[in-house]
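Below is one structure, written out as structure tokens; comments come after it.
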Amino acid sequence: MAQRTTLKEFESVFPKLEETLLAHAKKYNLPQKELEWYKKSLETNTLGGKCNRGMSVPDSVSALLGGPLSEEQYFQAAALGWMTELLQAFFLVSDDIMDSSITRRGKPCWYRQEGVGMVAINDAFMLESAIYTLLKTYFRQHPSYVALLELFHEVTFQTEIGQLCDLLTAPEDNVNLDNFSMEKYRFIVVYKTAYYSFYLPVALALHQLNIATPKNLKQAEDILIPLGEYFQIQDDYLDNFGLPEHIGKIGTDIMDNKCSWLVNQALAIATPEQRKILEENYGRKDKDKEAAVKKLYDELQLEQRYKEYEEKRVGEIRELISKVDETEGLKKEVFEAFLSKIYKRSK
Ligand code: GPP
Ligand code: MG
Ligand code: MG
Ligand code: MG
């Protein structure tokens with residue numbers, strides 16, 4: 000039987016990894032003040048989240064093996080999981096600057112914390128570098144070292160093209176609702192979220208066990224990308240309908256002029272008068288205009304529409320999972336675990 004890791008277990012691996020990272024910086028005689036800064040950035044930006052992505056690596060390895068992990072296997076899987084969390088930390092620190100966000104995980108975004116400001120950009124780069132320091136330290140001798148390295152690089156690039164499209168579809172000074180479409184939306188979310196959040200942990204697990212093949216990687220991708228798309232639609236829904244106390248962040252999509260799932264749904268069903276309300280109020284840094292859009296979302300019953308979408312989509316994903324071919328080492332359970340973690344999530 001596969002075993003699910005607990006947050007406590009997963010977090011217990013972090014101090015050793017942190018020590019490795021600090022020792023690496025010390026090798027270059029990084030002065031004490033900067034060393035402490037690096038430590039604080041690592042802790043603030045990598046800890047304190049749900050760690051769903053990171054914990055998915057040991058969970059997937061266990062599901063693939065069909066049983067509990069040895070100590071060595073757990074450490075390797077958790078280390079790869081923490082590299083996934085470092086990648087996420089690198090993205091979030093950067094994303095919050097780009098999105099002018101206010102809070103993250105219930106605290107001010109890193110760039111808004113006292114004395115940080117634009118140093119956060121360099122901190123983001125260092126969070127990314129930390130992935131490769133850990134990978135070299137613990138996987139240099141692993142038969143899949145090059146595959147792991149290439150995977151992190153490729154997934155980073157995929158996320159960056161998604162982010163590029165997200166940003167260019169949301170110019171700050173030019174609201175043009177004709178720029179939005181569900182086709183554009185799909186591209187954005189598949190690349191900015193699905194690859195790093197869903198495909199990456201499972202591909203890492205397959206590589207850790209040296210059982211990745213073109214066929215099982217492709218099969219995993221064919222399920223995990225729709226799952227990731229569904230996850231980002233939840234994120235967009237929660238940006239407006241979630242409680243900041245729950246989700247740990249304050250929604251900014253309306254003011255940021257984002258090509259969000261909600262605005263695309265609104266555009267699909269709005270009357271000409273309602274579209275006019277959107278044209279006049281969407282994408283403006285103005286609380287009253289944001290409130291007018293929120294009111295329109297309620298009138299259009301987007302919450303209800305989202306719930307219908309969720310049921311339909313989850314049914315389709317379950318169907319995809321039921322057809323997984325387990326002959327090359329994949330297990331349906333890998334995907335069932337992901338789905339059960341995110342179905343009807345409120346944070
Ligand atoms: C989530 O979008 C996407 C990312 C965090 C990827 C960022 C990619 C970079 C290359 C920096 P979001 O803005 O909707 O997330 P949130 O709602 O958490 O701010
Ligand atoms: Mg954001
Ligand atoms: Mg963003
Ligand atoms: Mg969001």
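The opening residue of the sequence shown carries number 0 in numbering that gives the first Met the number 0; numbering runs sequentially from there. Positions of the beta carbon are idealized from the N, C-alpha and C atoms, including for glycine.
Distance cut-off 6 angstroms: residue i Cβ against heavy atoms of ligand 4
i: D287; result: no
i: D238; result: yes
i: D234; result: yes
Proximity test, residue i beta-carbon vs ligand 3 heavy atom, cut-off 6 angstroms
i: D94; result: yes
i: D252; result: no
i: D58; result: no
Buried or exposed (CB count within 10 angstroms, at least 16 for buried), residue i
i: T326; result: exposed
i: Q140; result: exposed
i: A290; result: exposed
i: V56; result: buried
i: M54; result: buried
i: L163; result: exposed
i: G227; result: buried
i: L237; result: buried
i: G116; result: exposed
i: D390; result: In the structure displayed, the chain extends from 0 to 346; residue 390 sits before or after that span and is not available.
i: K321; result: The residue asked about is misnamed: residue 321 is Ser in this sequence, not Lys. Its Cβ having fewer than 16 others within 10 Å, S321 is exposed.
i: Q303; result: exposed
i: A22; result: exposed
i: K191; result: buried
i: A267; result: exposed
Heavy atom of ligand 2 within 6 angstroms of residue i beta-carbon
i: D165; result: no
Any non-hydrogen atom of ligand 1 within 6 angstroms of residue i CB
i: D122; result: no
i: Q162; result: yes
i: T158; result: yes
i: F179; result: no
Residue i Cβ short of 6 angstroms to ligand 5 heavy atom set
i: D98; result: This structure does not include ligand 5; its bound ligands are ligand 1, ligand 2, ligand 3 and ligand 4.
Rounded distance between the beta-carbons of residue j and residue i, thought under 8 angstroms
i: R344; j: Q233; result: 6 angstroms
i: L199; j: T45; result: With 8 angstroms as the limit, L199 and T45 do not qualify as a contact, their Cβ atoms being about 16 angstroms apart.
i: D255; j: S99; result: 7 angstroms
i: T158; j: Y131; result: Incorrect: roughly 16 angstroms between the Cβ atoms, too far for contact.
i: N239; j: D252; result: 7 angstroms
CB contact below 7 angstroms: residue i versus chain D
i: A76; result: Absent from the structure is chain D; it holds one protein chain and no more.
Checklist entry - So does the region 330-339 actually touch the region 223-239, counting three or more Cβ pairs closer than 8 angstroms? => result The region 330-339 makes contact with the region 223-239, as at least three CB pairs between them are under 8 angstroms.
Next on the checklist: Contact between the region 141-155 and the region 96-115 is defined here as three or more beta-carbon pairs at a separation below 8 angstroms; is this criterion met?
Outcome noted: Judged by Cβ distances under 8 angstroms, the region 141-155 makes no contact with the region 96-115, as fewer than three pairs qualify.
Checklist entry - Does the region 181-188 touch the region 289-305, meaning 3 or more C-beta pairs lie closer than 8 angstroms? => result The region 289-305 is not in contact with the region 181-188.
Next on the checklist: I'd like to know if the region 88-103 and the region 204-216 are in contact, where contact means that at least 3 CB-CB pairs between them fall below 8 angstroms.
Outcome noted: Contact between the region 88-103 and the region 204-216 is absent, because fewer than three Cβ pairs lie under 8 angstroms.
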